[in-house]
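So the structure is just underneath, and the comments pick up after that.
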Ligand SMILES: C[S@@+](CC[C@H](N)C(=O)[O-])C[C@H]1O[C@@H](n2cnc3c(N)ncnc32)[C@H](O)[C@@H]1O
Ligand code: SF4
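Residue numbers (the numbering used here): 10 to 385.
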């Protein structure tokens, strides 16, 4: 029985951060009730048979779900439990922005069974928060973190961003240490990525902003790896570090190509046979569901070749590596051949055991390039 996850996308935010390409919108709080009506209907009408899955994670992400009133989260959980067997859920995450998660809401979410909080810290340097157009101060981070502990969360993640223009390695060292000192259970460190359709993209294209060089990026990354390892965080994915038993089980579903169903505008799902995704626009999402139509606007069958290449792409991201026994028989030979051909170029960065291929710590910095070379 495969394990599986449920994801809910809440698109509302107070501000649109200049680097963010996730589907999120501002000044639309009046539409929250009609969004929830559509969301609950989408869940109720979901045609996928999940009786053979063990659903063990739920993730409410965004956007900024911590802004949502707990009464609506109760309705959401009730609808999920009427539709799916969520009795085996052991990890239930909600994302929170610093300063945008009231103590009362944090407590109520926890009382509802939400047992993991993911806080978008990003940076603790006022100038960098400003540059990233974040809506919070460093002290909001500390307050939200402390409130979360008081509310009873014993599984807290902090998201951080490095590789920011005008960030120095010393600022990053200081920020990371401050977050380590808070003693979270999990830390995600993401390299600032220039996504199309963001203000950051336009600034970089216009030459108004210059991103750090590749050498600088690798320097940030290697320092992150050694600092977190020295503080007893275990790296289990390119951008993710955990304390014992505190890996994000939900994200592991994505990386191990387990099934997951997602709801809300822009949400992506994988039902074990096909990948599909919803329209991004909130208005279109609400309208389609109101008219009794599907909000899905993209669907793709999952060929054995796709599966093989995803096993390679995602498998190289995680410390467990690729389980070569999962490669479909008809592609086993080509994958082995591809690994052998890449021994000279990348051999120092991967470890090839009998039925497993994994990257070394140094190899993580090159995982995308290695994956492209290995794919068939
Ligand atoms: C979509 S956000 C949602 C969480 C929450 N709204 C927040 O901003 O804190 C999830 C995480 O993705 C990361 N992220 C988003 N855009 C990114 C980018 N362009 N480069 C690197 N990390 C990014 C941030 O660390 C963020 O915490
Ligand atoms: S980074 Fe978070 S708060 Fe900022 S726009 Fe994206 S989802 Fe909203």
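Positions of the beta carbon are idealized from the N, C-alpha and C atoms, including for glycine.
- For a cut-off of 8 Å, the C-beta gap from residue 318 to residue 385 is around 7 Å, short enough to register as a contact.
- With a contact defined as Cβ atoms closer than 8 Å, residue 278 and residue 269 qualify at about 6 Å.
- Placement of the Cβ of residue 73 at a distance of less than 7 Å from at least one heavy atom of ligand 1 is found.
- In the three-state DSSP reduction, residue 236 falls in the helix class (H, G or I).
- The C-beta distance from residue 193 to residue 165 rounds to 5 Å, short enough to meet the 8 Å contact threshold.
- The stretch 326-374 contains, as complete alpha helix (DSSP H) runs of 4+ residues, the segments 338-350 and 352-355 (chain order).
- Between residue 355 and residue 11, the alpha-carbon positions lie close to 33 Å from each other.
- Taking all protein chains shown into account, residue 107 has 16 or more neighbouring C-beta atoms within 10 Å of its C-beta and is therefore buried.
- If you draw a 10 Å sphere on the C-beta of residue 254, you find fewer than 16 other C-beta atoms in it, and that means exposed.
- Residue 131 counts as buried, since no fewer than 16 other beta carbons sit within 10 angstroms of its beta carbon.
- Under the three-state reduction of DSSP output, residue 324 falls in the helix class.
- Judged by DSSP secondary structure, residue 162 falls outside any alpha helix (DSSP H); it is assigned neither H nor E.
- Using a cutoff of 7 Å, the CB of residue 55 does not count as near ligand 1, since none of the ligand's heavy atoms is closer than that.
- In the structure shown, the three-state DSSP call for residue 62 is coil.
- By a beta-carbon distance limit of 8 Å, residue 17 contacts residue 85. Their separation comes to about 7 Å.
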